[in-house]
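I have placed the structure first, in the form of structure tokens, so that the comments after it can refer back to it.
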Amino acid sequence: MVFQILRKEEFWRQADLAPHYDVVIIGGGGHGLSTAYHLAKLGVKRVAVLDKSYLGAGASGRNTAIIRSNYLTPEGIAFMNASLKLYEQLAAELNLNVLFSQIGRLDIAHTESTHFWLRQRVEYNRLMGVDSRLIEPHVVKQLVPQIDLREGKPFPIVGALHHPPAGVARHDGVVWGYARAADRLGVELHRFTEVTGITRENGRVTGVETAKGRVGADLVVSATAGWTSTIAHMLDFDVPIVTYPLPAFVTEPLKPFMHTTISSGELHTYVYQTERGELVIGGGVDHYPSYSHKSTLQMLEELAANAIRLLPKIRDVKVLRQWTGICDITPDYAPIIGPVDGIDGFILNCGWGTWGFKAAPISGKMTAELITTGQTPELIRSFDLNRFHEGRLINERAAAIAAAIH
Amino acid sequence: MTTDPRSPRLDPIPLELIDRSKTVEFEFNGRPVQAYEGDTVGSALYASGVRIFSRSFKYHRVRGMLCVSGNCPNCLMTVDGVPNVRACVQRVEQGMKVKGQNAWPGLERDLFSVIDRFRWALPVGFYYKGLYRPRALWNFSASLIRRLAGLGSVNLDAEEHRSKHRSYAHADVAVVGGGIAGMSAALEAAENGGRVTLVDDQPTLGGRLRYGSRHQLVNVDGGGDVTPPEAAYLLASRIAEHERIEVLSYSTVFGHYEGNLLGVRTPHGIVHLRGRHVVVATGAQEVPLTFERNDLSGVTLSTGIRRLINLYGVKPGNTALVVTTNDEAYYAALDMLEAGMRIVAVADTRPEYRSDLEAATILRSKGVLILPNYCMVRAEGTRTVIGGVVAEIGPDGMTGNERQFDCDTIAMSGGFQPSTALLHQAGATFMRDFDVDAEIPVKLPESVHVAGDVTAFHDPTISAMQGKLAGKEASLAVGALASDTKLSDLKHSLRESISAYRRRLLITPAPVDLAAGPRQFVCYCEDVLAKDVVQGVEEGFRDVQMLKRYSTVTMGPCQGKMCHKRFTEILASETDSTLTEVGSTTSRPPIQPLTLGELAGPMHMAFKRTPIHHRHLQANAKIAETGGWHRPHSYGDPLAEARAVRTSVGIIDVGTLGKLDIQGKDAPELLDFVYTHRFSDLRPGRVRYGVLTGDNGTIMDDGTVARLADDHYYVTTSTANVEAVEQWFQWWMADREMCAHVTNVTSGYSVINIAGPNARATLAKLTDIDLSPAKFRYMRVKSGDVAGVPTILLKIGFVGESGWEVHCPAEYGEHMWDTLLAAGDEFGIQPFGVEAQRILRLEKMHIIPSQDTDLLTTPFDVGADWVVKFDKGDFVGAGGLRLARDRGDRDKLVGFVMSNGVVPHDGDSVVDEANRPIGRITSSRLSPTMGKGFGYARVPAGLASEGKTIHIWAEGSPHDAKVTLSPFYDPEGKRLRE
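Line order of the protein sequences matches chains Z and C.
Residue numbers are given in the working numbering: position 25 of the first sequence equals residue 23, and the series is strictly consecutive.
In the working numbering, each number is its position in the second sequence, counted from 1, plus 20.
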């Protein structure tokens, strides 16, 4: 063990862009890198990941790293649970500790109507083999002693959904783990290589244009989350995505006092304490769509007030740093993975809103399977783009309620 | 250890911050400490002999005072239960309780410091590389790490949140920083007629002038040469007298947000300060040098030493070694000398003796050894400094030519890092300037100006000119000043001064020699060593953002204030890049930490109550929160309340209903466009049910639409949605260029629903309106007096009984309630709450949007095909509704009745034969009429036919239920029409 943690190694090599690849993946975040890793693992030889910035510069390095599968719809539950299972084995798989700690998750209900939505999730979760429970306020108190159970106060505790297998991981570790493992399998990682256009011949995608020159590809994958609309623009198709900034902040490190993640949909706020002792606090997206990474004072104040409403004892804790990521939100709060009608040689992977980090392992695996077999795996069959044209939406909003547009 | 603040203090200095006539006593780790008013916790403790201020984050090493400016992590303490307070800037107050943190049993002796011995086993990123096989190992390690990590503790005994102020301020020119540059800018802008707000984080204005040496004379505005504190005083007095300058002292601008919005933390709460123009004069922060054991207590920044001496009269030690890369530390040496300390040497990285520097000349004349071309190698000591070693610099770094000195204080200066965070946040771009060894702004946003040390020029004369120029330019820009002929003169002389400044030998960065030892700290917050940073680069983290995340440098409590400069220098040198290429990490708000409570502000909670609320309280109603309202859930027994409505008469306060008054020539077209139903053909005096759908045809809201006149409608919406519906109407009206007025009159009316077989008899006592079934038919509206009050009466029946909604002016709500109760007394009239209403409407199969519908439900899915009129032309949601109509596979909302005695919960599941979930119970109750569990379920289309058996998973097993498509109660609606 000591030998292991003392080893010094280069995580990835640097290479020049080749004129042609089998697969070019746009976006060096969790989804792009996971896809690259799984493609290489399935034997695809020449894979390149292109990112306009450093690896994990987008949502992968800005999310708050919560992993859970207590979703609302059968599609969402099965998909996220498969991802959670992959997370449980991810350190061993990638040979890098992604610091996944299964500290559980509490979704608090302050009103009967929220409790009703929690029950819907719990019932489906349990019937599908996911460990979710509705618990009484006094059990909430046992798990989070700082919670205020007084009745008659604003936002009283009516009950909660307890989801023990949920946890948090180190988001950068996941990015680096996939990048390093992909690199070992021959994938090329090109940082600071912005894709400026996508080339097509006879309706078929033939490659990408970058600031460093043109690169040919048999297949191009877009895994650009918040910037998906800009990629769609290059190919002249529409995606039903609205991009919203999502704020979060951390506090200064404190001695451990919270041992689970706690979330309130009504307050649009969640809180947990990292291993380093910081409180991570996040919640709803900004009130207006934007591609801006600039944080707002209004959201910081709202989140702070709501965090205190949830946990009054933390009022004297100091905020250290706020930041913002951008989220590609679909009308039904479910992702889009698959080809686009009329555009051969292109796979779209987007619609990750505020739930992308937890899905990266399974998303990459399924996307890679889709590419290598030409068949859409059952697990992502409902996540096609055509569902929006055909009226087959999936209703996942209530499971992402803390972050939902409000 | 003495607790008398008098003995260790130096002789009084003019303009010092402490008031020696007033003593204050506070407690440190249970022991009383005396201080002067104006002391900080840090200065008082230092004066009382305390040298261990904290234990470090990772290795629990002893840490002493470092910056004395609130910018480093070394003096974080718990003050009155508030963790992680910067003791060096926290003013003392009588009776304060101060405690050390991150140490057990105490700061002096901390058993966790054993971790420091295993430093070799905890290199950068160690946790990524191991501790995961087997998986349980990580669970164990994580819980261990959790226990060891963290600094202060949350005060679990904290009282209820004390509401804080939040205020909003506007200024023509907002000036950030009260040093010579900021003060000059503020005065210039104000004298030109601008309204100025000057924000300064210190208790007194003056910035570094306040602790400047009497050997650094300053010339303010052409007057005679004065000492820096005198200059500070002069300028501060002029500012205090100026009516157009507002000063926020002891206040920190913690962030620059969109539109020149500055977040300001003041002692009274947060201020949102919006400046038409902003002058950033935030100064520069001195940074440490990197050498072995550079974190020992007694290793202090030279400016920290000067603050201790000149602001608080504290003598830092007895014998000092001064090590520097620039001129500033020479003045610290002078201050120490004059404070009675012995200076063993001044080691300067610059190759030549600074003969033109007055401080150097004085020091040398007093016999102080000055060593040009020398650099610090290591400090000696285990907890506090007992000596230091410097070495001569050769062409390839340090030579073996070392000199050792015994000392108890090391005053260091690794140069100055301009405090550019606000400029970064405002969107300025920077480049590295090698003359001044710092990044300088090259492009600023139009409304942002910059002056003083933040521009990396460390000279009060230049700062004053820059301030004046910034003030002038801001005045011109905001129109306070029409033109200024002297502007170009000022610019010219500023340029001259800057080029003269550049010609001086300014700074020679100190080399980093990893071989000097394993304890060279780059990041004090997170205990990251120089070798850790180098290893990160070697492992492939070759850009500043990734290396930051891997090494965690700049991510601790100081947010890069101490470490960013050295961090980027090492990265540049390891990757053979320039510092401009390396760039910088992103500077995020808050620049100084502030508490959640401060940010939360007043935390007003807005709940809505109906005009009749107090009557419900008097009746001991159980109050529930629904859709932002507080309203009666029940008055004790919901089933009895429901029964009363079915058998006699009940009243419910439905003032929570959203109410919109819509008038204008396009009102009919508007309603036809936003609702799925048609309303242009609704005759005045009639009421129709309406469903609003979103763009995709899914149900947003529902309600009734009453036509009062040709161009006048009165619309109700569900309780929670009125604001959204109002916006929705306004949006479409603008989009379609329609002419109508949509007015939200929700709070203008009180509404009571009276329902039941005796509703008519009750109401008839109070009005002349003919209520007979023939004259007042179902789904009709009439206006007239009830109980002497003008009302709108709607004959509708959400609960399935004959009844009226009585809409009257809000002021008469209680009167109407009381009068109705009195009139119904003979029938045993019963007030009923939301719960009874829910049971009653469920028996009648009336949906509640968002309870029985979800994000995807269309009117077709709830059996309301009749509300969708495709033949009226385009309307909102038409496309989605056509798609939904043509799909046969959508889930449907159906009624169910349990076959056994089980009553499922709202939210239980419908399952298939294999107990897989296929549908949901949206509403479920015990029916007082049928005596069985019944309700609404959303099921696959194949199960949505009358009489089908479905399986409901409740309480851990499946139970049979029968599907029904027509209402359980009064399916023909006869009672409504009675």
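Glycine is no exception: its CB is placed at the ideal position from the N, C-alpha and C atoms.
Contacts around residue i, its chain only, beta-carbon distance under 6 Å, and the 5 residues preceding and following it disregarded
i	result
N122 (chain C)	R75, L171
P577 (chain C)	P93, C545
Q144 (chain Z)	L309, K311
R66 (chain Z)	R103, H161, A164
A784 (chain C)	L791
T44 (chain C)	The amino acid at residue 44 (chain C) is misidentified as Thr; the sequence shows Val. Excluding positions up to five away in sequence, the list reads A55, E57, V112, Q114.
S767 (chain C)	none
Residue closest to residue i, alpha-carbon to alpha-carbon, out of the options
i	options	result
R29 (chain C)	C:L813, C:Y253, C:K551, C:V334	C:V334
V882 (chain C)	C:D894, C:I413, C:K889, C:H866	C:H866
T724 (chain C)	C:S770, C:R708, C:V366	C:R708
D129 (chain Z)	Z:I64, Z:L141, Z:D284, Z:L82	Z:L82
Q857 (chain C)	C:D657, C:T766, C:V557, C:R153	C:D657
N393 (chain C)	C:K642, C:K968, C:A411	C:A411
E975 (chain C)	C:L599, C:D928, C:I941, C:K994	C:D928
E834 (chain C)	C:E855, C:D673, C:D315	C:D673
A13 (chain Z)	Z:T241, Z:G201, Z:R189	Z:R189
Q555 (chain C)	C:L637, C:I590, C:H624	C:I590
Inter-residue CB distance, residue i and residue j (contact presumed, cutoff 8 Å)
i	j	result
S322 (chain C)	A352 (chain C)	4 Å
I200 (chain C)	G487 (chain C)	7 Å
S467 (chain C)	H297 (chain C)	5 Å
Chain-order list of residues whose beta-carbon lies under 8 Å from that of residue i (same chain, five-residue window excluded)
i	result
H185 (chain C)	H288, G289, I290, G621, P622
D428 (chain C)	G318, G337, N338, T339, A340, T404, V405, I406
T371 (chain Z)	none
A687 (chain C)	D731, H732, Y733, A760
W174 (chain Z)	F9, L53, G54, L94
K994 (chain C)	none
R940 (chain C)	G927, D928, S929, V930, A957, R958
Beta-carbon neighbours of residue i, restricted to chain C and to distances below 7 Å
i	result
D170 (chain Z)	R569
Cα-Cα separation between residue i and residue j, rounded to whole angstroms
i	j	result
N61 (chain Z)	T267 (chain Z)	14 Å
T294 (chain Z)	E278 (chain C)	7 Å
V138 (chain Z)	R119 (chain Z)	18 Å
G115 (chain C)	V542 (chain C)	37 Å
S173 (chain C)	D457 (chain C)	39 Å
Y332 (chain C)	V553 (chain C)	37 Å
S944 (chain C)	R153 (chain C)	49 Å
D24 (chain C)	S68 (chain C)	Here D24 (chain C) scores only 49 on pLDDT, less than 50, and its place in the model is too uncertain to base an answer on.
L298 (chain Z)	V248 (chain Z)	11 Å
E855 (chain C)	R131 (chain Z)	25 Å
Contacts of residue i in chain Z (Cβ-Cβ under 7 Å)
i	result
D169 (chain C)	Note that residue 169 (chain C) corresponds to Ala in the displayed sequence, not to Asp. Near A169 (chain C) (Cβ distances below 7 Å), the residues of chain Z are P251, E273, R274, G275.
Own chain partners of residue i with C-beta closer than 7 Å, once the 5 adjacent residues on each side are dropped
i	result
M918 (chain C)	K952, G953, F954, H979, A981
E367 (chain Z)	P375
Q2 (chain Z)	none
I229 (chain Z)	I24, S220, T222
Contacts that residue i makes with chain Z (C-beta to C-beta distance below 8 Å)
i	result
A359 (chain C)	Correct list: empty, because the minimum Cβ distance to chain Z is about 34 Å.
R608 (chain C)	S293, R319, Q320, W321
W886 (chain C)	Under the 8 Å cutoff, chain Z gives no residues; its nearest Cβ is about 20 Å from W886 (chain C).
CB contact below 7 Å: residue i versus chain A
i	result
A107 (chain C)	In the structure shown, chain A does not exist; the protein chains are Z and C.
Partners in chain C for residue i, counting only beta-carbon separations shorter than 8 Å
i	result
N95 (chain Z)	Y147, Y148, K149, G150, L151, Y152, W158
D330 (chain Z)	L875, L876
Chain Z residues whose Cβ lies nearer than 9 Å to that of residue i
i	result
L176 (chain C)	P143, Q144, F255, K311
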